[in-house]
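Asker:
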Amino acid sequence: MNKMNGYKVKTFLGKFCIYLILLLFALAFLLPFFFLFTGSFKTSSELFSKPFHWLPRHWTLNNYRQVFTKIPFFRYLKNTMIIVVVNIIGALISNSLIAYGFSRLRWPGRDKVFMIVIATMILPYQVTLIPLYLMYSKMGWVGTFLPLTVPGFFGNAFYIFLMRQFMIGIPKELSEAARIDGANEFGIFSSVIIPISKPALASVAIMSFMRAWNDFLGPLVFLGNDRLYTLSLAASMLRSNLNPNWELLLALGAVMVIPVLILFFVLQKYFIQGITMGGVKG
Amino acid sequence: MRRRTISMLTALAMLTMTMSSSVYAETEDAAAAENMKTVHMGDREIQVEVTDPGIKGNFTYWSCFTGDSATWDQERIDAFNEAYADLGIQCDVQFVPDGAGINNGKLLSALAGGTAPDLLITDNPTSAYQYVAEGSFMPLDETLQKINLDVSAFFDGCKDVMYYNDTCYLVPQDTNVIMLYYNPDIATECGLDPENPPTTLDELNAWSDAMTVQEDDGSYSRFGLIPWLDSGNDAFVIPFIFGANPYDKETGKIDLTSDQMMKYMSWVQSFSQKYDPEKIGAFTSGLGGMFSPDHPFMTGKVGMTITGNWFSEALRQYAPDVNYKVCAVPVPEGGRANSTTFGCNVFAIPANTDPEKAELAGLFIKFCEQGSVNEDNFTQWRSIPVIDAAFDDVGLTKDGDPMYLLERQIANSPENGIPALCAVSAELSTQFQTAREQVIYSGADPQETLQALQDTMQSQLDAK
Amino acid sequence: MNNKNKTSRMRKAEARNGLLFILPWIIGLALFTIYPIASSLYYSFCNYSVIGKPTFVGWSNYTNLFKDKTFLASCKNTLYMICIGVPITTFVAVWISIFLDSKKLKHTGWMRVVFFIPTLVPTVVACLLWIWVMQPDTGLVNTILGYFGIQGPGWLSSVKWAKPAFILMMIWTCGNQIIIYLAGLQDVPATLYDAAAIDGAGFFRTANSITIPLLRPTILYNVVTLIIGVFQWFAEPYIMTEGGPSNATMFYSLYLYQNAFQFFKMGYASAQAWIMLLVAMAIILVLFKVFKFNQPEDQ
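Listed below in structure tokens is the structure:
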């Protein structure tokens, strides 16, 4: 009895400490957003006034109104969504396949080839941009969404690496069992490995979303017409040459964060599903 | 700190110059017929001159303008398209942030891939000049002649950026003037006479000392002047006004170790030794920069600052209650008194543009040089035309605005110019700023640091 | 004999299948990757301004780099971030993830979102927020330090403190890694936790002896991508400090960017990129080998 109580207190204290640490960190992570959201309702002169006010004295929707009128927000959103959705689909299909080939199957030289995959992540875009552009312009792709979407169907080293790391952890016995049941390799991939890899797939989906959502240089360089611009370019289209219009940027930041937050909440449920499905290794 | 924002601010000006049609009338010939037309620009009706080149077509134009400035440029383009609709000439614009993609690889890619526009305007003349040196823009003399745009009367100082090896490549749409802004209330409070602002470096230092307030705990609540604030943060603005010639076009020599340059550097160094530069950083690392009520001049944390005409607009918007006056930047002995550097937005036509398209693009340049197209922008930003005669038609001149009169007076100094334009200008500016920071923050020896930089850059230049 | 044949046939089939699965990557490599990579390698031996034609100059770009003070400064700063910033960020991210994943805690779902949202903000806006956070006199960090009677430094305007400020920002944007750690933690079997609980192991002992070792492939992934990220880090220092003050925040890719797009030295920049490729690969190989993270436990 005594022992029981002691244990409970211990875990209660432990829980309390962990909560406290998490809360403190969460607060630290959140404060800039507090500034972002409240700032987006402030007038430009109040935004920088000293002393600093936590809440706007005069709430204004003007910044949001300007974001929606000064740039073709919904057109940019539509363009962004097209690119984002195509990229997610491409990333999910191609990277899971490729990662499977790099983790669940043995073939000579596999790990050396995998090092080439890693190497392709390292070269910065600054030195590959010009040859890529020359290539795309010869192919007639410049000025279309193609350079921003098609390569997504041929794997991305970061996601291949990520998926591979997950698939390596899945016990071999699961595949063997399916093989004995007469499944072919693709069957094992699609009916055994993919369902287990849901958390990793969700990570890839989120990351490719983020990549496409935030990609600035790709749309800027490859889209020939500003009608095709994406939301990531909106920030630089909003600021005037002399006046950075910080208050508008804050409103834009808020607007760009909200849809992603919603999406993330949806996928968050998916993660929890992943948890309940756990016990893979049993 | 955030050099980019500030250098961007200096490098650009939003307006075009006012230029009466009489300026061109002198050179008018039969090659192109001109007449006046009334078109809409925004919600105004304006008189513009239309030139018939005898050819039709569209041309593509990359504008570096974004936000409100893009709205203004769009109005200008609409006015152009309205004026030239009958002649079958049209401008197709694309707004490309970051100085028309001049520094982020977009313009480079397009030039390499043969997909560059027929015309572009950029707010980064230093980089534009380097593109010229690399051979990526078209020589404009012939085009300008065809469309009757005479640039010979442009201020000599602007010609520094327009010409490379005596050939015209870039056409500025307007220019800026650098001045000393000071707060007359603070001056009076400190026993200084606001009607007699400093003209020499010694006087400037005396003013600065008088205005600086140190608290009991050793911290500073106000500085007179921070030499590396605002335009002081640009590479060569103040060194040039102090009399230095960082690059000599005639001899092709980079000179960062002249007496005048050393005078400038030891002046900067004296501030960093007297006051802890990181403490000064607390004053200058404000969030909003110039366009927020956070700027130290607006909050009364500095009594003076050296910057361009556009700052008056920032003051009007964000600190209408702060008193200010302007004067020419004070100089040491041997400096360029009552002078300025010119910062301009420049038009350029990429090399390999079809000659007919280039001519149409030239028409747009000519259109944009007209005063009627941008009178209200002059009023807003106080930037100035690139020809003295054009001042007469500007509303501010007609109203006898004292600051604008001073700007005109400074603009006419024969010593004005745009320093350090050469085949390595972008790197030279960046590295010079870093060298100065090493002197300010790390206590490096100016002579040694600049000599090393000069040698490196000179050898790069010679290798070109 | 028969058996051996069968095994070798199966091996062949497996190898064929393996190549089939990675076929998209091979095609992508051939179509979109080899040409740009080979070009950049060629440029690294050339004097190339992009506008003109490349002219071959041998090793001089490489030898000049090691005489270039700005380049050496950028290497030093990048090394600082890899040796100090990456371990700190990884430590924080791993522990936050373990805390968040702890089955005993309820209501941590919203916190996962909290830790992730910083990565959703457009870079320009994030930089604006951080300039605000790091303001010397009224910024968030110094205000909080002030509560404890500490006078905070000038952060971004300080030669000494600018890099730590960037490390704080790096931690702030570790949401991506937390997500991946959380997904990785789903792979740790619940039975192991139960076993540990029966043995009377506390939370931290369980985490140290069971969770973290099992998380190794994920940690390896995150550390490797983080190191690559540091090498390629560019937008934040570009917007917030332009490499200043006094080159204190001049990072590898920032200087590379300046050379490529601002100074018209694409050949020089390419040489920089290839040095980076080699160095990063060496670091990554060491990580793979020394920690034996690479070896799947049962394959």
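Protein chains in written order, with this note's numbering: chain A, 12 to 293; chain B, 518 to 981; chain C, -8 to 290. From the three backbone atoms N, C-alpha and C, an ideal C-beta is built for every residue, glycine too. Keep in mind the model is a prediction, meaning the values are calculated, not measured.
Considering R207(C), what are the terminal residues of the alpha helix (DSSP H) in which it resides?
Answerer: 207 to 222
Asker: May I have the straight-line CA-CA distance separating M525(B) from K123(A), to the nearest angstrom?
Answerer: Since pLDDT at M525(B) reaches only 36, below the 50 mark, its modelled position is unreliable, and the value read off the structure follows with that caveat. Take the alpha-carbon of M525(B) and the one of K123(A): they are about 47 Å apart.
Asker: When the Cα atoms are used, what is the spatial distance from S942(B) to E767(B)?
Answerer: 16 Å
Asker: Against chain A, does G145(C) count as a neighbour if the rule is that its beta carbon must be under 8 Å from one of theirs?
Answerer: no
Asker: How big is the Cα-Cα spacing for L636(B) and L945(B)?
Answerer: 27 Å
Asker: Rounded to the nearest angstrom, what separates T568(B) and P872(B) at their Cα positions?
Answerer: 17 Å
Asker: Using three-state DSSP, classify E545(B) as helix, strand or coil.
Answerer: With a pLDDT of 42 at E545(B), under the threshold of 50, the predicted position of this residue should be treated as unreliable, and no value is reported.
Asker: Are I823(B) and S748(B) close, meaning C-beta to C-beta below 8 Å?
Answerer: Yes, these two residues count as a Cβ contact at 8 Å.
Asker: From the DSSP secondary-structure annotation, give me the bridge partner or partners of T46(C).
Answerer: N38(C)
Asker: Let's test the definition: count the other Cβ atoms within 10 Å of the Cβ of K151(C) and tell me whether it reaches 16, buried, or not, exposed.
Answerer: Within 10 angstroms of the beta-carbon of K151(C) lie fewer than 16 other beta-carbons, which makes it exposed.
Asker: Does any C-beta atom of chain C lie closer than 8 Å to the C-beta of G229(A)?
Answerer: no
Asker: Looking at the structure shown, is S538(B) part of a helix, part of a strand, or coil, going by DSSP?
Answerer: Unreliable positioning characterises S538(B) in this predicted model, as indicated by a pLDDT of 37, which lies under 50. The coordinate reading is nonetheless provided below. Three-state result, S538(B): helix.
Asker: Could you tell me the alpha carbon to alpha carbon distance between R175(A) and A130(A), rounded to whole angstroms?
Answerer: 15 Å
Asker: Report the rounded CA-to-CA distance for A980(B) versus Q253(C), giving the unit in angstroms.
Answerer: 18 Å
Asker: Going by beta-carbon coordinates alone, are T80(C) and M161(C) separated by less than 8 Å?
Answerer: yes
Asker: Could you tell me the distance, in whole angstroms, from the CA atom of S539(B) to the CA atom of V565(B)?
Answerer: Residue confidence is low: S539(B) scores 38 on pLDDT, short of 50, so the model does not pin down where it sits. No coordinate-derived value is stated.
Asker: Given that A629(B) touches chain A, what residues does it touch there, using C-beta distances under 8 Å?
Answerer: Result: I141, Y144, L145.
Asker: Just the C-alpha distance for P67(A) and A192(C), rounded to the nearest angstrom, thanks.
Answerer: 50 Å
Asker: Using the beta-carbon of each residue, which ones in chain C are nearer than 8 Å to W257(A)?
Answerer: L119
Asker: Give the DSSP-derived three-state secondary structure of F859(B) in the structure shown.
Answerer: Here F859(B) sits in coil by DSSP.
Asker: Just how far apart, CA to CA, sit D128(C) and F63(A)?
Answerer: Spanning the alpha carbons of D128(C) and F63(A) requires a straight line of approximately 11 Å.
Asker: Give a yes or no on whether the C-beta atoms belonging to L923(B) and T896(B) are separated by under 8 Å.
Answerer: no
Asker: Between S56(A) and chain B, is there a C-beta pair that is closer than 8 Å?
Answerer: yes
Asker: Relative to the alpha-carbon of P45(C), which residue among K256(C), G137(C), I201(C), A64(C) has its alpha-carbon at the smallest distance?
Answerer: K256(C)
Asker: What are the start and end residues of the alpha helix (DSSP H) that includes S738(B)?
Answerer: Here S738(B) belongs to no alpha helix (DSSP H); instead the beta strand (DSSP E) covers 737 to 739.
Asker: Can you pull the chain B neighbours of D237(A), defined as C-beta to C-beta under 9 Å?
Answerer: V610, Q611, F612, V613
Asker: Can you list the residues of chain A that K623(B) reaches, using a CB-CB cut of under 7 Å?
Answerer: L231, V232
Asker: Got a sec: is the Cβ-Cβ distance from S748(B) to anything in chain C below 8 Å?
Answerer: no
Asker: Please report how far the alpha carbon of V839(B) lies from the alpha carbon of I133(A), in whole angstroms.
Answerer: 52 Å
Asker: Output, in sequence order along the chain, the residues in the region 138 to 167 of chain C whose CB is closer than 9 Å to any CB in chain B.
Answerer: P144, G145, W146, L147, S148, S149, V150, K151, W152
Asker: Using a Cβ-based criterion (distance less than 7 Å to any ligand heavy atom), does K818(B) qualify as near the ligand FMN?
Answerer: For the structure depicted, the ligand FMN is absent and the ligand set is empty, with no information on it obtainable.
Asker: Please report the straight-line C-alpha distance between F84(A) and N167(C), rounded to a whole angstrom.
Answerer: 27 Å
Asker: So is E712(B) buried or exposed if we call it buried at 16+ other beta carbons inside 10 Å?
Answerer: exposed
Asker: Cα separation between L259(A) and G806(B)?
Answerer: 15 Å
Asker: Any residues in the region 725 to 752 of chain B with a beta carbon nearer than 8 Å to a beta carbon of chain C? Which ones, in chain order?
Answerer: none
Asker: Buried or exposed: where does A875(B) fall if 16 or more other Cβ atoms within 10 Å of its Cβ makes it buried?
Answerer: So A875(B) counts as buried.
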